[in-house]
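> For the sequence shown, the working numbering gives the first residue as 851, with consecutive numbering after it. Using N, Cα and C, we set each Cβ at its ideal position, and we do this for glycine too.
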Amino acid sequence: SFSLLCEHASSIQLPSKAWAVQILENIGLHAVIFSEAALPNTLDCNHPAYLRKTVQVTPSADGSLSVRTFVHGRSINVESVSSDRSMNSVGTVESALQCFHDMHVCTGGPSKEKFYNIHPECAYVDICGMWRHNKCTLLTGGIICKACERLKDVLRIHHARQKKKGKVRHVRLIASPSKKARVETIRKARNACYKFKARLLSGKKKVEAELAKCQEKLEHLNEETIERLFKEANLPEAQQLVFKECVAAGKVDSKKGRRYSDSWVLLCLLLHIRSPAGYKFLMENEIIALPSIRTIRRYMATVGFKSGFDSNFFAALKKKLAKKDCFQQHGMIMFDEMQVRKSKRVNSSTMTYVGLTSETADSGELADHALVFMFCPFGDSYAQPIGVFAAKGATKGTVLAQLLLQALALMEEAGAKIHGFVCDGASTNRSMWSTLGISGSLRDCCNSFTHPSDPTRKVFAFSDVPHLFKCIRNRLKQQRYLKKESKWIRWEDYSGVYKEDQDKAGGLRVCPKITHSHIYPTTCEKMRVKLATQVFSRSMASGIKFYREQGVRRLSDSEATEEFTLFLNDLFDALNRRFPAEGITMQNSDLGVITRGIQWLDSWEKELKCGLITKDMFLTKSTSEGLRVTLKSTRDLCNVLLQDLNFKYVLTSKMNQDPIERFFGKIRLAGRQNDHPSMPTFLQLYQTLSIYTLLKPPKFGNCRVVEGEKPLLDISDFRALLSPNNVQASSADFVDDVKQKLESVICVDDWECDDIISQTKGGAETGVEDCIVFYLAGFMSRKMKKFTNCPTCKSAFSSEKSSIAEAALTNAKDRGGLMHPNVHLYNLLKQTERLFAAYADTQTVYWDTIDGVLDTYTITFPCDEHKEETVAQLLHCYVSMRMRQHCRHVNMSMKKETQEKKKLAKLCSS
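1. Would you say the stretch 1614–1629 touches the stretch 1653–1670, given that touching needs at least three Cβ pairs under 8 Å?
2. Grab me the residues of Ser910's own chain with a C-beta within less than 8 Å of its C-beta, minus the 5 sequence neighbours each way, in chain order.
3. Please work out which residues of its chain come closer than 8 Å, Cβ to Cβ, to Tyr1676, disregarding the five sequence neighbours upstream and downstream, and give them in chain order.
4. Taking the alpha-carbon positions, what's the Leu1292 to Phe1414 distance?
5. Tell me whether Glu857 is buried or exposed, calling it buried when 16 or more other Cβ atoms sit within 10 Å of its Cβ.
6. Considering Asp1420, what are the terminal residues of the alpha helix (DSSP H) in which it resides?
7. Can you give me the C-alpha to C-alpha distance between Thr1538 and Pro1235, rounded to a whole angstrom?
8. Do Pro1530 and Met1184 have their C-beta atoms closer together than 8 Å?
9. Leaving aside the five residues before and after Phe1396 along the sequence, list all residues of the same chain whose C-beta is less than 8 Å from its C-beta, in chain order.
10. Using only the alpha-carbon positions, how far apart do Arg982 and Asn1135 sit?
11. Give me the Cα-Cα distance between Ala1240 and Ile1137, rounded to the nearest whole angstrom.
12. Check each candidate in Arg1191, Leu1441 and Glu1511 and name the one with the smallest Cα separation from Met1742.
13. So which of Cys1374, Leu1533 and Trp869 has the shortest CA-CA distance to Val1204?
14. Taking its Cβ as the centre, do 16 or more other Cβ atoms sit within 10 Å of Arg1732, making it buried, or is it exposed?
15. On a Cα-Cα basis, can you pick out the residue from Ala868, Val940 and Glu1082 that is closest to Ser860?
16. Nearest-angstrom Cα distance between Pro1302 and Leu1255?
17. Rounded C-beta distance between Lys956 and Val1004? I'm assuming under 8 Å.
18. Tell me, to the nearest whole angstrom, how far the beta carbon of His1736 is from that of Thr1710; I am working on the premise that it is less than 8 Å.
19. Taking the C-alpha atoms as reference points, what is the distance between Lys1349 and Lys1320?
20. Can you say whether Gln1179 is buried or exposed, counting buried as having 16 or more other CB atoms within 10 angstroms of its CB?
21. Can you tell me which of the three DSSP states Asp1452 falls into?
22. Tell me which same chain residues have a C-beta within less than 8 Å of the C-beta of Gly1158, skipping the five on either side of it?
23. Candidates Lys1105, Arg1428, Asp1343 and Lys1170: which alpha carbon is nearest Ser1406's?
24. In the DSSP assignment, find the beta strand (DSSP E) that holds Thr1272 and state where it starts and stops.
25. How big is the Cα-Cα spacing for Phe920 and Lys1002?
26. Using the C-alpha atoms, what's the distance from Phe1686 back to Asp1705?
27. Less than 8 Å separating the beta-carbons of Asn1279 and Leu1250?
28. Under the assumption that Asn1426 contacts Asn1506 (Cβ atoms under 8 Å), give the Cβ distance between them as a whole number of angstroms.
29. Take Asp1440 as the anchor and find which of Gln1449, Asp1423, Leu1451 and Ala1431 has the nearest alpha-carbon.
30. Can you give the Cα-Cα distance for Arg1403 and Lys1456, rounded to whole angstroms?
31. Check whether the Cβ atoms of Leu1167 and Leu1544 sit closer than 8 Å, and answer yes or no.
32. Closer than 7 Å by C-beta to Arg1738: which residues in its own chain qualify, once you throw out the five before and the five after it? Chain order, please.
33. Mapping DSSP to helix, strand and coil, what is Phe1584?
34. Which of the three DSSP states is assigned to Val928 in this structure?
35. Check whether the stretch 1444–1451 and the stretch 1476–1484 touch, using three or more Cβ-Cβ pairs below 8 Å as the test.
36. Please confirm whether Met842 and His1317 have their CB atoms less than 8 Å apart.
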């Protein structure tokens, strides 16, 4: 009953210290009040406390208890508290109060201070000073109810409207009915743009917040965490390196603050060499963290234009070969020449010309051929260029023999085992064979010579197999008929198969790969190996046999052509094995095919010697001798490798010139020109690609790559290879050298600022060259003022404008900004120009000109402190400028000559 509740009210255990119990009586009304006091959620200390929850118990007329609950002074029905059974005993009262205490009260919306002076109908300000929605449930399962959560947007709109009440609104134009729809469309489009902008700004804030979180995580990402992630993901080492560099780049604010590991720099160098366009795309789009192209060029700036055999290169190659197994050290040398455009360029590191021949560089003769030597190992997948030579015209046979022997000695010293060399069928190469004692004649055939460094070994000679088969095709096409064993081999049989295929409707063909280019090749198409080998294929032989058996009249007597084609197909396959599964062994039939090829060629040539056939019915002398030497060398070398050196198999494709032809293709591709590259460009590309081949790891090959094995060469070897002795000459080095020579010859003398050339000099004696030198001297005056801050030095370079004869060109071009040089500066450069013209075509033009000026001209300068440095800088700038102008003039004349040759070539039929 109510009286018992009043008696035991003081003994009831309340939920917390914030709760209190009171017994009230007023005008005959009695009540027991349980209340929870709380402080408002505000920093305002003056705001009073309030009653958050209240339970009021009063007696009813029938003697039962009436229980009411209040939250923030508002009556709310709570079933677990408002029932009579909740107040039957002290225990039930305590549990009911605890249940009411655990219920969460909605915190409401924003504070009144944030949105003031507004009177929305859907909300009110509660006793805590917080805006609360009229539909607020007061008690909620979370922090805030859904109604109060949406209240913020409503209050913001009301607050914005309140601000706009005192402002002048835009006058809405009254539009005609015909234009009202257009105005409304424009207004809607504007509003849509505003909303779209708001969404973008909101999205931007979200992305920036996510980015900030990611950057924070990145800063706390340590090496241990990265290694653990790599281990869990089982990433390859290359991908681990990319990830580490990207993480390291993300930790710095500026791109200039990035620091790259040596391994990453090496990979970036290889990537830039392989594809400059691809490297630029990856860098500009920030797909991965790459060094700038300027950084890459700084590494590659030391790649010189040197021709010949480089000792530093062979030292690096020796280190690479030392880490290879014995099977990967055996190989052969191949060489070939490529035609290049004549061109001249200034090498800034040596102040000499690039593009001259290797043998006669001092004579100034421009090179138009590049000779490349390459090493191809039998047990590995790479082909390494080892030397390049610039020449005018094809290199002579005696010179080729000397260079080959030198290459043999250098490669043996580097750790390689050379067993042969391969070249094409050029006349100079055949002359080189004769010099070395190589002969392909039938009676005294010799296919090898004694190794210079090991008398127990032999060096075998090879002629390029694809080139030989192209020569056989060209011979048969040119003569139309060949004869062997009284049987005619006819080119018309091949063209007959093609014509029969052409007559089929719907594109049905017996030999679908044979095209017009196979049967009627142009001059350029005759160089393609694919077009020759597909004619001498098993498919073509089957086509000849098929049409003959079908009764085609033009192929009625084609048995000899079919047999000839099948034999050449088998012979080419035996001489061009590329994969380990088809390599030559002592068990398979390829050695037998090669032996039969030797017998086949010998018996055919014996018919010529006996007079059974004429020369027109046989192969050319160069082709037959080259084929005989190649077949015998292939047979002998395979026996040496398989029996003496215990090779499991031999890939005969290593014995042709395909690697060097692919290398020339890369040169043309990397040069980005639809023409032969110039000689300086070829030399620089050669150096770059040879270093790329030396440093890059093998993708596949006949060797086994151990997982986790370190690269054979690292970035330190690369630096040593590019920068011999760590010395790289620069412009400042040349200026210092000139300055040392000037210390003993230059004098101090005043250069009057108003000195001009004597007016007594006759205009008739003044030539065009003097006017041009005067103009260049004015240009140098302006340029030299940028190198010094000394007032005396600056005043010594220029003078007042004059109308003398030498200044005619300067005055004609002047628009108010050209300078007139001082008389002493003009006379010095005039003497320099005279000497430069005398030595312009020599390789040592730079020092010849400088030394000539010092020997023939008395140099003075008014500033004693800077005289050597300033005059040295002046002479260096002028001579280097004139060297580049001279190269440009020579290249322009070469360009005109090349264009004339192209025009004449178009008039010639193929």
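Taking the geometry as given:
1. yes
2. Here residue 910 is taken as the residue at index 60 of the sequence shown, counted from 1. Excluding sequence neighbours, Ser910 sits near Ser916.
3. By 1-based counting over the sequence shown, the position of residue 1676 is 826. Taken in chain order, the residues that qualify are Ile1607, Val1623, Phe1624, Ala1627 and Glu1656.
4. Numbered from 1 along the sequence shown, position 442 holds the residue referred to as residue 1292. Numbered from 1 along the sequence shown, position 564 holds the residue referred to as residue 1414. Whole-angstrom Cα-Cα distance: 21 Å.
5. Taking the first residue of the sequence shown as 1, we reach residue 857 at position 7. Glu857 should be labelled exposed.
6. Here residue 1420 refers to the residue found at position 570 when the sequence shown is read from its first residue. Start and end: Glu1409 to Ala1424.
7. Counting from 1 along the sequence shown, the entry for residue 1538 is found at position 688. Counting from 1 along the sequence shown, the entry for residue 1235 is found at position 385. Spanning the two alpha carbons is a distance of roughly 11 Å.
8. Here residue 1530 refers to the residue found at position 680 when the sequence shown is read from its first residue. Here residue 1184 refers to the residue found at position 334 when the sequence shown is read from its first residue. Taking 8 Å as the Cβ cut-off, Pro1530 and Met1184 do not qualify as a contacting pair.
9. Position 546 of the sequence shown holds residue 1396. Taken in chain order, the residues that qualify are Val1360.
10. The residue given as residue 982 occupies position 132 in the sequence shown. The residue given as residue 1135 occupies position 285 in the sequence shown. Rounded to the nearest angstrom, the two C-alpha atoms are 52 Å apart.
11. On the sequence shown, residue 1240 is found 390 positions in, with the first residue counted as 1. On the sequence shown, residue 1137 is found 287 positions in, with the first residue counted as 1. Answer to the nearest angstrom: the Cα atoms are 41 Å apart.
12. Taking the sequence shown and counting its residues from 1, one reaches residue 1742 at position 892. Considering only alpha carbons, the answer is Arg1191.
13. For this step, residue 1204 is matched to residue 354 along the sequence shown. Comparing Cα-Cα distances from Val1204 to each of Cys1374, Leu1533 and Trp869, the minimum goes to Leu1533.
14. Numbered from its first residue, the sequence shown carries residue 1732 at position 882. Counting Cβ neighbours within 10 Å, Arg1732 comes out buried, since at least 16 surround it.
15. Within the sequence shown, residue 860 is the residue found at index 10, counting from 1. The shortest C-alpha separation from Ser860 is found at Val940.
16. For this step, residue 1302 is matched to residue 452 along the sequence shown. For this step, residue 1255 is matched to residue 405 along the sequence shown. Pro1302 and Leu1255: Cα-Cα distance of roughly 8 Å.
17. As a working note, residue 956 is residue 106 in the sequence shown. As a working note, residue 1004 is residue 154 in the sequence shown. Contrary to the premise, residue 956 reads as Cys rather than Lys in this sequence. Going by Cβ atoms, the distance from Cys956 to Val1004 rounds to 16 Å, so no, they are not a contact pair.
18. Sequence index remark: in the sequence shown, residue 1736 carries index 886 (1-based). Sequence index remark: in the sequence shown, residue 1710 carries index 860 (1-based). Between Thr1710 and His1736 the Cβ distance is about 28 Å, and since that is not below 8 Å, they are no contact.
19. For the purposes of this step, residue 1349 is taken as residue 499 along the sequence shown, with counting starting at 1. For the purposes of this step, residue 1320 is taken as residue 470 along the sequence shown, with counting starting at 1. Those two C-alpha atoms are separated by around 22 Å.
20. As a position in the sequence shown, residue 1179 is number 329, starting the count at 1. Gln1179 comes out buried.
21. Along the sequence shown, one-based indexing puts residue 1452 at 602. Three-state DSSP puts Asp1452 in a helix.
22. Mapped onto the sequence shown, residue 1158 falls at position 308. Correct list, in chain order: Ser1208, Gly1237, Val1238 and Phe1239.
23. Within the sequence shown, numbered from 1, the residue matching residue 1406 stands at position 556. Nearest option by C-alpha distance: Asp1343.
24. As a position in the sequence shown, residue 1272 is number 422, starting the count at 1. Contrary to the premise, residue 1272 reads as Val rather than Thr in this sequence. It spans Lys1267 to Cys1273 - the beta strand (DSSP E) in which Val1272 sits, taken as one unbroken run.
25. Position 70 of the sequence shown, counted from the start, is the residue given in the question as residue 920. Position 152 of the sequence shown, counted from the start, is the residue given in the question as residue 1002. Cα-Cα distance, rounded: 25 Å.
26. In the sequence shown, the residue the question calls residue 1705 occupies position 855. In the sequence shown, the residue the question calls residue 1686 occupies position 836. Each residue's alpha carbon lies about 14 Å from the other.
27. Stepping through the sequence shown from its first residue, residue 1279 is reached at position 429. Stepping through the sequence shown from its first residue, residue 1250 is reached at position 400. Yes. Within cutoff.
28. The residue labelled residue 1426 in the question sits at position 576 within the sequence shown. The residue labelled residue 1506 in the question sits at position 656 within the sequence shown. Between Asn1506 and Asn1426 the Cβ distance is about 7 Å, and since that is below 8 Å, they are a contact.
29. Taking the sequence shown and counting its residues from 1, one reaches residue 1440 at position 590. Of the listed residues, the one whose Cα sits closest to Asp1440 is Asp1423.
30. Position 553 of the sequence shown, counted from the first residue, corresponds to residue 1403. Position 606 of the sequence shown, counted from the first residue, corresponds to residue 1456. Cα to Cα, the separation comes out at about 33 Å.
31. Here the question's residue 1167 lines up with position 317 in the sequence shown. Here the question's residue 1544 lines up with position 694 in the sequence shown. In this structure, Leu1544 lies closer than 8 Å to Leu1167 by Cβ.
32. Against the sequence shown, residue 1738 aligns to sequence position 888. Same-chain partners within the cutoff: there are none.
33. What you label residue 1584 is simply residue 734 of the sequence shown in a count that begins at 1. Helix.
34. Taking the first residue of the sequence shown as 1, we reach residue 928 at position 78. In the structure shown, Val928 sits in coil (DSSP, three-state: anything other than H, G, I, E or B).
35. yes
36. The structure shown does not extend to residue 842, since the chain is modelled only from 851 through 1760, so no value can be given for it.
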